Amino acid sequence: MPDSGYPWPIETTRLDNGLRVVVSEDRTAPAVAVNLWYDVGSRHEPAGQSGFAHLFEHLMFEGSVNVAKTEHMKLIQGAGGSLNATTNPDRTNYFETVPAEHLELALWLEADRMGGLVPALTQETLDNQRDVVKNERRQRYENVPYGDAWLRLLPMLYPPGHPYHHATIGSMADLNAADLATFQAFHQTYYAPNNAVLTVVGDAPAAEVFALADKYFGALPARADIPPAPDGRTVTPTGQPVRETVTADVPAPRVYVAHRTYPFGSPGYDVATVLATVLGSGRGSRLYQRLADGERIAQPDLVGAYGVDLAHAPAPLIATATARPGVTAERLAEGLAEVVDELATVPVTAAELDRAKALLSTSWWRQMATVDGRADTLGRYATQFGDPATAGERLPALLAVTAEQIAEAAAEVLGAADRATLSYLPEETA
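The sequence shown maps to residues 1 to 430 in the UniProt record's numbering.
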């Protein structure tokens with residue numbers, strides 16, 4: 001077992017305005033990854049403002065005080081770099097990987113849109129990006145078979161008022177109802193240096209990064225009154241299973257079985273991660289062996305299980321399978337439930353445990369193999385747990401999980417009495 005899952009150096013500082021800066025120097029190749037984690041996601045959105053965090057992921061590429069519309073992307077790509085952004089319930093992050101000599105360009109661009117987006121945000125830009133998000137919702141959720149499963153599972157797992165009750169794509173009604181001033185206020189509230197972590201990994205010494213961070217971000221004012229997200233760590237079990245059946249234009253019956261487990265970053269979630277791998281990762285998993293290869297009721301490439309890495313509430317563990325021809329959703333749901341229930345009663349074998357840990361080790365080191373993967377991981381641990389160095393504890397914690405812990409966790413959080421089951425039926429069989 002490795003002593004650490006992160007054997008590279010880590011240095012940190014905090015600017016006077018509260019911006020946390022994390023640097024991990026690696027001279028292997030002349031490239032750097034720049035990653036900004038903002039502590040704002042859909043869980044922070046006030047009532048009536050769902051979808052705001054995700055919309056800003058789009059708006060942040062539409063120009064700032066010193067950067068014209070779409071120029072951020074053109075400048076990074078013109079320098080030989082790549083870039084993107086993502087939003088989830090816990091955070092929004094922006095990232096680029098560039099040749100090391102263009103580090104200063106990347107930092108200037110990020111600082112300009114952190115501090116200078118609002119003066120450049122126009123009604124035309126807002127309306128345009130609202131339309132982009134509406135189209136994204138149609139393409140990713142509404143017009144794709146099973147595409148709205150996540151939108152349906154969240155309210156089945158988390159009650160109204162819980163910060164994870166709604167998805168990041170948000171409500172189109174909320175996005176349409178808000179005016180320009182409301183969006184500007186959202187950015188001014190959450191896009192502050194003291195609500196962000198800047199991480200740089202690659203061919204740049206810490207002293208240089210710290211100096212450049214202070215040069216470009218240091219004059220941005222801190223925000224004194226950033227509102228905390230609602231506390232979602234406690235979800236009272238109802239003791240009643242929740243079921244929903246959807247008739248839609250889908251090619252075959254599909255079933256999702258979901259449970260709340262433990263928050264990402266907790267010892268319980270490490271156990272749940274190994275459990276999910278035993279349950280549903282690849283052809284050696286229990287779900288594949290039973291439902292696809294054994295009973296042959298599930299399509300081989302459409303069966304599996306996974307956890308969703310949410311840090312501020314009991315995170316979901318989801319098992320899913322799609323039926324072979326002639327198999328009903330009811331039979332598929334029974335099969336999924338049987339395999340999930342057996343995790344508490346049929347001990348995980350040494351071979352199953354070794355296989356799961358090997359898969360997780362491979363996944364971890366694949367993430368660590370790139371400067372952008374490391375930058376994102378350090379940004380996560382600095383933002384969510386206050387110390388980027390704790391990233392190195394994740395892999396050893398996963399490798400220390402025992403079969404007994406898996407059985408105990410399954411008995412505690414995977415019970416049928418607190419299970420959400422979402423079934424899809426093809427329209428012609430309804």
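Beta carbons: idealized from backbone N, C-alpha and C, even for Gly.
Since we're looking at a predicted model, the values are computed, not measured.
Check: Where ARG20 falls: helix, strand or coil (DSSP); Outcome: strand
Check: Same chain, Cβ closer than 7 Å to TRP108, five either side skipped, listed in chain order; Outcome: TYR216
Check: GLU104: first and last residue of the uninterrupted alpha helix (DSSP H) it sits in; Outcome: 103-120
Check: Assigned exposure category for GLU62 - 16 Cβ within 10 Å defines buried; Outcome: buried
Check: Distance between ALA120 and VAL65 (C-alpha atoms, nearest Å); Outcome: 6 Å
Check: Inter-residue Cα distance where the pair is LEU75 and ASP174; Outcome: 33 Å
Check: Through-space distance from ARG366 to ALA79, alpha-carbon basis; Outcome: 26 Å
Check: Simplified DSSP state of HIS259, which is helix, strand or coil; Outcome: strand
Check: Per DSSP, the bridge partner or partners of ARG14; Outcome: ARG20
Check: As assigned by DSSP and simplified to three states, the class of VAL413; Outcome: helix
Check: C-alpha distance - LEU15 paired with GLU110, whole-angstrom precision; Outcome: 16 Å
Check: Identity of the residue in ALA313, PRO314, ILE318 and ALA207 nearest ALA149 by Cα; Outcome: ILE318
Check: Given THR349 as reference, the closest of ALA407, THR322 and TYR306 once Cα atoms are compared; Outcome: ALA407
Check: Assigned exposure category for THR345 - 16 Cβ within 10 Å defines buried; Outcome: exposed
Check: Limits of the unbroken beta strand (DSSP E) element including GLU136; Outcome: Counting along the chain, GLU136 falls outside any beta strand (DSSP E), though it belongs to the alpha helix (DSSP H) covering 123-137.
Check: Classification of GLN188 by the beta-carbon crowding that lies within 10 angstroms, buried from 16 upward; Outcome: exposed
Check: Beta-carbon gap between LEU378 and THR273 smaller than 8 Å; Outcome: no
Check: Cβ pair count under 8 Å reaching 3, the segment 320-330 against the segment 245-256; Outcome: yes
Check: Outcome for GLU334 when other beta-carbon atoms lying within 10 angstroms are tallied against a minimum of 16; Outcome: exposed
Check: Contact set for THR383: own chain, Cβ-Cβ below 7 Å, skip 5 residues either direction; Outcome: TRP37, ASP39, ARG91 and VAL197
Check: THR86 and ALA375 closer than 8 Å at C-beta; Outcome: no
Check: Where ASN35 falls: helix, strand or coil (DSSP); Outcome: strand
Check: Euclidean distance between Cα positions of GLU158 and SER266; Outcome: Reading off the sequence, residue 158 comes out as Tyr, not Glu. Spanning the two alpha carbons is a distance of roughly 19 Å.
Check: Classification of GLU45 by the beta-carbon crowding that lies within 10 angstroms, buried from 16 upward; Outcome: buried
Check: ARG137 and MET172 closer than 8 Å at C-beta; Outcome: yes
Check: Test item: CB-CB of VAL22 and GLY202 under 8 Å; Outcome: no
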